[in-house]
Amino acid sequence: MHLLPKFARRFADALGTAMAGPGGRRYWGSWRLANLAFERAPDEDGLRWLGVAGPLGTAAVAFERSLLLDLLEGRYGRKGKPASAPGAPRDPSLERVTATEERLAATLTAQLVEQLHARVAEGLAAVGVEVPGADAAVVEAPCATSAPGKAGWVIRMTLATHGEQQSHCWIGLDQELMAYVLQGLKEERSSVRTARAGNDGLSSGLFVKLDGRLVSKETTLGALFELKVGDIIPVSVGRADVLLDESRLFTAAVAEHKGKLCLTSFEDAE
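Under my numbering, the first residue of the sequence shown is numbered 1335, with each subsequent residue one higher.
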């Protein structure tokens, strides 16, 4: 489940772009996506859920009633609605559910589910998983459905508008749809691991340890035993030998750089 935030970010990017576009502003008005995350299904009896079946499974959507009423007010005003005192919080329970509100909820539900299916299908296609009909548009009309089980996963959308007012809606995924979300994420992770493993192979490089022999000097055993601490052994530094497991591969010039001896100008030993 730790992979779900990755899918949530992709879904949020797509939804944010769609809501801010001309078509999205027509329905969402000034509301914009503030946050999107997976969580357990909400335990709220007052939510009305609309389900939409698609090629990858079924999703159910529920809106806070206050959000739908605010969207309707933004489009049509409040003619015929109960009056409330200025600045008083709006009580959705005092307003009856109209056919216009139901149509708006169905339209927004279809938009959200189509975006969800598109992102799931996109994730599957990116890792080469073929599901018949996965790229087909969602055409079934939303219909009333039961709330997701308390142990199920939903996507909670937090929406914000002017004045930092916030509201929420939820998208529930059935087991089939959730399985496809996780399959795309797991296949993507496996592909990344395979690619990394391939990059560590011989095709990209072979790491070996080379030893440099800077100087060598032949001396007699007697002269060696006569050496004392502080004695100076005269040597001449020519080209150094570069060894791989005692095998002489290269010769190199010895140079001083910032107080360190370095090897440069490599040439084949043979």
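Where is the CB? At the ideal position from N, CA and C, for every residue including glycine.
Give me, in chain order, the residues of the same chain whose beta-carbon lies closer than 8 Å to that of residue i; leave out the 5 immediate sequence neighbours on both sides.
i	result
A1529	Low confidence applies here, because A1529 scores a pLDDT of 47, under 50, leaving its location unreliable; read the following figure in that light. Hits under 8 Å: none found.
A1440	L1384, A1475, P1476
L1536	Note that L1536 scores a pLDDT of 46, beneath 50, so its modelled location is shaky; the value from the coordinates is reported in the next line. For L1536, where only same-chain residues beyond five positions count, there are no Cβ hits under 8 Å.
L1561	I1567
E1590	C1596
G1556	none
L1548	V1571, A1574, V1588, L1595
F1600	V1576, F1584, T1585, A1586
Y1410	T1434
Apart from the five residues on each side of it in sequence, which residues of its chain come closer than 6 Å, Cβ to Cβ, to residue i?
i	result
N1319	The structure shown has nothing for residue 1319, since the chain only spans 1335 to 1604.
G1350	L1367
G1546	A1574, V1576, L1597
Which partner residues does residue i have in the DSSP bridge list?
i	result
K1594	H1591
T1441	The partner list for T1441 (beta bridge, DSSP) is empty, contrary to what the question assumes.
H1502	T1492
R1547	D1575
F1397	C1503
G1385	A1394, C1477
R1582	L1577
Leaving out five residues on either side along the sequence, give the residues of the same chain with a beta carbon under 7 Å from the beta carbon of residue i.
i	result
E1378	none
A1396	L1381, R1382, W1383, C1503, W1504
A1348	Q1449, R1453
S1480	W1383
K1340	L1519
P1482	A1375, A1394, V1488, G1506
L1446	V1395, I1505
Give a yes or no on whether the C-beta atoms belonging to residue i and residue j are separated by under 8 Å.
i	j	result
L1403	P1426	yes
A1342	I1505	no
V1465	L1519	no
L1511	T1392	yes
S1501	S1400	yes
Y1651	V1454	This structure cannot settle anything about residue 1651, because the visible part of the chain is limited to 1335 through 1604.
E1435	L1406	yes
R1374	W1487	yes
Q1603	L1583	The question names Gln, but residue 1603 in the sequence shown is Ala. Contact: yes.
Contact defined as beta carbons within less than 8 Å: I believe residue i pairs with residue j. What is the distance between those atoms, to the nearest angstrom?
i	j	result
F1372	L1338	5 Å
V1386	A1444	6 Å
V1569	K1551	5 Å
(request) Could you pull out every unbroken alpha helix (DSSP H) segment of at least 4 residues lying fully inside the segment 1344 to 1370, listed in chain order? (result) Taken in chain order, the unbroken stretches of alpha helix (DSSP H) that lie wholly in the segment 1344 to 1370 and span 4 residues or more are 1356 to 1362.
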